[in-house]
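Student: The numbering of the sequence shown is the numbering used here, which starts it at 146 and goes up by one. Glycine included, each C-beta is placed from N, C-alpha and C at the ideal position. Before I ask anything, here is the structure I am working with.
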Amino acid sequence: MARLVHDYVQRGVRLNIVSLVTPTRRIEQPLPGVRVLSLGSSSYKSQGLLREAVKADSAERIIAHLPNPELLAAVLAKKGVRAMAVLAHSYNRNGLRSQLERWRVSRMLNMSVFEWVSNHCIPATEHLAAIGVHPGKLIPWDVPHPYEPSSASSKCLHEVGPYRIMYAGSVVADKGVTDLIESVAILRRSGLDVRCALAGLGNLEQMKALAQKRGVADAVDFLGLIENDEVYQRMRDADFVVVPSRKMYTEGFPLTIFEALASRTPIVCSDHPMFRKNMIDGQSASVFSSGDPAALARAIERVLRDPDLYLRLSRQAPVTWQSLKGPADWRTMLVKWGTEDDASDWMRAWALKR
C-alpha cells in the first residue's frame, strides 16, 4: 500500500484514503496531497458512514476496494465520476437474502460507472462472472509473492511424531478454525501425536476455551499476529498447512495457499468453491468436506499413513502454483487506471474476456 501511495504522489495525484474499521474517527495528512479519513466503525457494517464519506468526497476517480453494497451504491450515486471496484471476495452463502445480494451486487457492478471490476486471482474472478458480472470488464489481480516453490525443495514425511499443523488467517469459526481444533482432538484420541499452531487474530478466547474443553489446550498454540516471513518459515517447518474455510465464508483466493505452495509443505484444504478448480484431491491437496471435523481429521490421517502421497503433494506444488498464475499486478493496475487518461488497452489485455 505504501508503494502505491508513493506512486500516486510521484505522479501528482491528490489521494483521499477512506478506512472504515478504525479505533477512532479522525483525519490525517501523512504526506502532501494525501488525506486519510478514518471513519471509526467497529464493524464492516457501515451504517451510512461510507455513503456519507463518498458523498462528501470530490475525487474524479474512485477505487472501491471493499465488497460493501452500500459503498457500491454510494459510488453509483455520484455524478461525473469514473470508478473501479477491486475486491477479494466471493458470494457463497445460501438462502434468499444471499441470492438477492448476488443479484444486487452483479447489477451494480455491471453499471457503466464501474469501468472495471477486479477480484483476487482467477477463481474468484470467474466466480463474479458466474453470478452475472460481465466478463469483459473483469480482471483478476494478484500481488508479487516473496517466496515461490522453486526456492524450496520437496519434503518427505518423517516416520514419527509429533506432526505439526500450521494455520494462518482469521481465527474465526467460518474460516474453519473450530473444525480444525475439533480435528486435532479426534486425531489425538486416535493415538496420533499432532500439534497445531494458529497465526492470526479473531475470536482467540473462544477458540482457546474450545481447545481446553476438548482436552487439547497443550497441543494448540495461538501465535497471534506474526510477520509474513515467520508465517512462511513456520509453514516450511510444519508437516501440514491446513486451509479449512467453510463454504459460506466469503473467501476470494487466500494468500495462505500461495504461501503454503511456496513452502512445499502438503496442503489439507476444504472443498470451498474458490478452491475446487486448482486444489485437486490427491494431486495438489488432501481435500475434505468443509464444516466436518471428522472429515478434516481423515484428510490429515490419510496423508500421514501414506508417505508416497505426502511426497507427491509436495512435488506437485510448482505445478499448482503455475495453474494460479496469470492475474494482473495489483499495484500496476491501480497506478495505470488511476493516473492515465486511457489505460483501456492495458486493462483489456488482462480481462477474462479479451
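Quick one: grab the DSSP three-state call for L302.
Tutor: Residue 302 sits at position 157 when you count from the first residue of the sequence shown. Coil.
Student: Applying the 10 Å Cβ sphere with the 16-neighbour rule, what's the burial state of W261?
Tutor: Numbered from its first residue, the sequence shown carries residue 261 at position 116. Counting Cβ neighbours within 10 Å, W261 comes out buried, since at least 16 surround it.
Student: Tell whether a beta-carbon distance below 8 Å holds between K200 and A219.
Tutor: Position 55 of the sequence shown holds residue 200. Position 74 of the sequence shown holds residue 219. Cβ distance < 8 Å, so K200 and A219 count as in contact.
Student: In the DSSP output, what is S164 paired with across the bridge?
Tutor: The residue labelled residue 164 in the question sits at position 19 within the sequence shown. Paired residue(s): S183.
Student: Alpha carbon to alpha carbon, how far is R381 from I445?
Tutor: Translated into positions along the sequence shown, residue 381 becomes position 236. Translated into positions along the sequence shown, residue 445 becomes position 300. Using only the alpha carbons, I get a separation of about 17 Å.
Student: Can you tell me whether S459 is buried or exposed? The criterion is at least 16 other CB atoms within 10 Å of its CB, across all chains shown.
Tutor: Position 314 of the sequence shown holds residue 459. Its Cβ being crowded by 16 or more others within 10 Å, S459 is buried.
Student: Should the segment 309-321 be called in touch with the segment 465-475, which here means at least 3 C-beta pairs below 8 Å?
Tutor: no
Student: Residues in its own chain within less than 8 Å of D426 by CB, not counting five upstream and five downstream?
Tutor: To locate residue 426, count along the sequence shown from 1; it is residue 281. So the list reads V432, once near-sequence residues are dropped.
Student: Contact check, P280 vs L406 under 8 Å by CB: the rounded distance?
Tutor: Along the sequence shown, one-based indexing puts residue 280 at 135. Along the sequence shown, one-based indexing puts residue 406 at 261. The Cβ separation is near 26 Å, so there is no contact.
Student: Just checking my contact of S183 with R170 at CB under 8 Å: how many whole Å lie between their CB atoms?
Tutor: Along the sequence shown, one-based indexing puts residue 183 at 38. Along the sequence shown, one-based indexing puts residue 170 at 25. A Cβ-Cβ distance of about 6 Å is found for the pair S183 and R170, placing them in contact under the 8 Å criterion.
Student: Helix, strand or coil, according to DSSP, for P389 in the structure here?
Tutor: As a first step, residue 389 is located in the sequence shown; it is residue number 244 there, counting from the start. In the three-state DSSP reduction, P389 falls in the coil class, being neither helix nor strand.
Student: So for S468, helix, strand or coil by DSSP?
Tutor: Counting from one through the sequence shown, the residue named residue 468 turns up at place 323. Helix, per DSSP.
Student: Could you check if W475 is buried or exposed, using at least 16 other CB atoms within 10 Å of its CB as the buried criterion?
Tutor: Taking the first residue of the sequence shown as position 1, residue 475 is located at position 330. With 16 or more other Cβ atoms within 10 Å, it is buried.
Student: Going by C-alpha to C-alpha distance, which of V250, S315 and V166 sits closest to E396?
Tutor: The residue labelled residue 396 in the question sits at position 251 within the sequence shown. Comparing Cα positions, the closest option is S315.
Student: Please specify which runs of the alpha helix (DSSP H), each continuous and at least 4 residues long, are wholly inside the segment 194-253, giving them in chain order.
Tutor: 194-201 and 214-222
Student: CA-CA distance, M419 and P307?
Tutor: One-based indexing of the sequence shown puts residue 419 at position 274. One-based indexing of the sequence shown puts residue 307 at position 162. Going by C-alpha positions, M419 is about 31 Å away from P307.
Student: If we call anything under 8 Å between Cβ atoms a contact, is R333 one with A354?
Tutor: For the purposes of this step, residue 333 is taken as the residue at position 188 of the sequence shown. For the purposes of this step, residue 354 is taken as the residue at position 209 of the sequence shown. With a cutoff of 8 Å on beta-carbon distance, R333 and A354 are scored as not near each other.
Student: Which partner residues does V480 have in the DSSP bridge list?
Tutor: If you number the sequence shown from 1, residue 480 lands on position 335. The partner list for V480 (beta bridge, DSSP) is empty, contrary to what the question assumes.
Student: With C-beta atoms as the reference, is N161 less than 8 Å away from A209?
Tutor: Translated into positions along the sequence shown, residue 161 becomes position 16. Translated into positions along the sequence shown, residue 209 becomes position 64. Cβ atoms of N161 and A209: not closer than 8 Å.
Student: Give the DSSP bridge partners of S415, in chain order.
Tutor: In the sequence shown, residue 415 corresponds to position 270, counting from 1. Per DSSP, F433.
Student: Excluding the five sequence neighbours on either side, which residues of its own chain have a C-beta within less than 6 Å of the C-beta of K498, listed in chain order?
Tutor: As a first step, residue 498 must be located in the sequence shown, where it is residue number 353. The residues are P280 and G281.
Student: Tell me the DSSP bridge mates of M256?
Tutor: By one-based count along the sequence shown, residue 256 stands at place 111. DSSP lists no partner for M256.
Student: Going by DSSP, name the residue or residues bridged to Y308.
Tutor: Counted from its first residue, the sequence shown places residue 308 at position 163. Partner(s): V339.
Student: Given a cut-off of 8 Å on the beta-carbon distance, is the pair L449 and L346 in contact?
Tutor: Position 304 of the sequence shown holds residue 449. Position 201 of the sequence shown holds residue 346. No.
Student: So, helix, strand or coil for L325, using DSSP?
Tutor: Counted from its first residue, the sequence shown places residue 325 at position 180. L325: helix per DSSP, three-state reduction.
Student: Whole angstroms are fine: how far does the CA of A318 sit from the CA of L217?
Tutor: Here residue 217 corresponds to residue number 72 of the sequence shown, with the count starting at 1. Here residue 318 corresponds to residue number 173 of the sequence shown, with the count starting at 1. Taking C-alpha positions only, L217 is separated from A318 by approximately 28 Å.
Student: Please report whether the beta-carbon of V339 lies at a distance below 8 Å from any beta-carbon of chain C.
Tutor: Any reference to chain C falls outside this structure, which holds one protein chain only.
Student: Taking C-beta to C-beta, are I284 and A439 nearer than 8 Å?
Tutor: Numbered from 1 along the sequence shown, position 139 holds the residue referred to as residue 284. Numbered from 1 along the sequence shown, position 294 holds the residue referred to as residue 439. No, the pair does not count as a contact, with Cβ atoms beyond the cut-off.
Student: Quick one: is P452 buried, meaning 16 or more other Cβ sit within 10 Å of its Cβ, or exposed?
Tutor: One-based indexing of the sequence shown puts residue 452 at position 307. Exposed is the call here.
Student: Quick one: using the 10 Å Cβ neighbour count with 16 as the cut-off for buried, is Y189 buried or exposed?
Tutor: On the sequence shown, position 44 is the one that residue 189 refers to. Exposed, since its Cβ has fewer than 16 Cβ neighbours within 10 Å.
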